[in-house]
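Below is one structure, written out as structure tokens, with a few remarks after it.
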Amino acid sequence: MSSALDRVLTNDALRDMAGFRAFRDGHTYFEPDQVYGLEEIDDTVSAKVLGLHEYHVKLWADGVVMGHACSCPVGQGEDICKHGVAVALTWLSDRNTVPVSPDALQRELDPIKTITTFLATQD
Ligand SMILES: [Zn+2]
Numbered sequence: 595m596s597s598a599l600d601r602v603l604t605n606d607a608l609r610d611m612a613g614f615r616a617f618r619d620g621h622t623y624f625e626p627d628q629v630y631g632l633e634e635i636d637d638t639v640s641a642k643v644l645g646l647h648e649y650h651v652k653l654w655a656d657g658v659v660m661g662h663a664c665s666c667p668v669g670q671g672e673d674i675c676k677h678g679v680a681v682a683l684t685w686l687s688d689r690n691t692v693p694v695s696p697d698a699l700q701r702e703l704d705p706i707k708t709i710t711t712f713l714a715t716q717d
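Right under this line is the structure:
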């Protein structure tokens, strides 16, 4: 499945567009799964984001850039808001299955191993 968004929405493009702050804040909505109801109809992605309120986000390809709109005050303006970033990240992660590398898995496991090893030495 290919869509017009494929051409304009990449991780790098999103980071450039959003700037550091919105990109970082978008992650705080994306990671705990606060994006839901994502659907793509006629090359427009729409989704809801649960924040202080429920926000409605739309993303679409606007020529060579990504168009965006959100029902929050920031999202009405020129700049993409954190909710838009969160939806874009969700869309990206749904499409690119990035396998967990053995190294990354090892790093995740290490602290637990360290703690269990430590506990085993205690009474
Ligand atoms: Zn917003």
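In the working numbering, the protein residues as written are 595 to 717. Even for Gly, the Cβ is constructed at its ideal location relative to N, Cα and C.
Anticipated Cβ contact below 8 Å, residue i with residue j, distance rounded
{"i": "L603", "j": "A682", "result": "6 Å"}
{"i": "K642", "j": "Y623", "result": "About 11 Å separates the two Cβ atoms, so there is no contact after all."}
Identity of the residue in the options nearest residue i by Cα
{"i": "D637", "options": "F712, W685 and E672", "result": "W685"}
{"i": "R615", "options": "A680, D688, Q716 and V643", "result": "A680"}
{"i": "G620", "options": "A714, T710, G678 and T715", "result": "G678"}
{"i": "D600", "options": "A655, I709 and G613", "result": "A655"}
{"i": "L653", "options": "L646, S597, L644 and D606", "result": "S597"}
{"i": "L644", "options": "C666, I635, V659 and M660", "result": "C666"}
{"i": "Y649", "options": "D717, Q628, M611 and T711", "result": "Q628"}
{"i": "H647", "options": "V639, C664, M660 and G671", "result": "C664"}
{"i": "D610", "options": "D688, M660, T711 and E625", "result": "M660"}
Residue burial classification, residue i (beta-carbon count within 10 angstroms, cutoff 16)
{"i": "I674", "result": "buried"}
{"i": "S695", "result": "For S695, the predicted model reports a pLDDT of 46, less than 50, meaning its position is unreliable and no value from the coordinates is stated."}
{"i": "A714", "result": "exposed"}
{"i": "V658", "result": "exposed"}
{"i": "P693", "result": "Confidence is the limiting factor: at P693 the pLDDT is only 43, short of 50, which leaves the residue's position unreliable, though a coordinate-based value still follows. Answer is exposed; the Cβ neighbour count stays below 16."}
{"i": "L699", "result": "Its pLDDT being 47, under 50, L699 is placed unreliably in this model, and the value from its coordinates should be taken loosely. The residue in question, L699, is exposed, as its Cβ has fewer than 16 Cβ neighbours within 10 Å."}
{"i": "I635", "result": "exposed"}
{"i": "G613", "result": "exposed"}
Residues that DSSP places opposite residue i in a beta bridge
{"i": "S665", "result": "None; S665 has no bridge partner."}
{"i": "D656", "result": "V659"}
{"i": "L603", "result": "None, per the DSSP bridge assignment."}
{"i": "Y649", "result": "V643"}
{"i": "E625", "result": "Answer by DSSP bridge pairing: none, since E625 is not bridged."}
{"i": "E672", "result": "Per DSSP, none; premise fails for E672."}
{"i": "T684", "result": "Answer is none; T684 lacks a bridge partner."}
Residue-chain proximity (residue i, chain B), Cβ-Cβ < 7 Å
{"i": "G661", "result": "Of the protein chains in this structure there is only one, and it is not chain B."}
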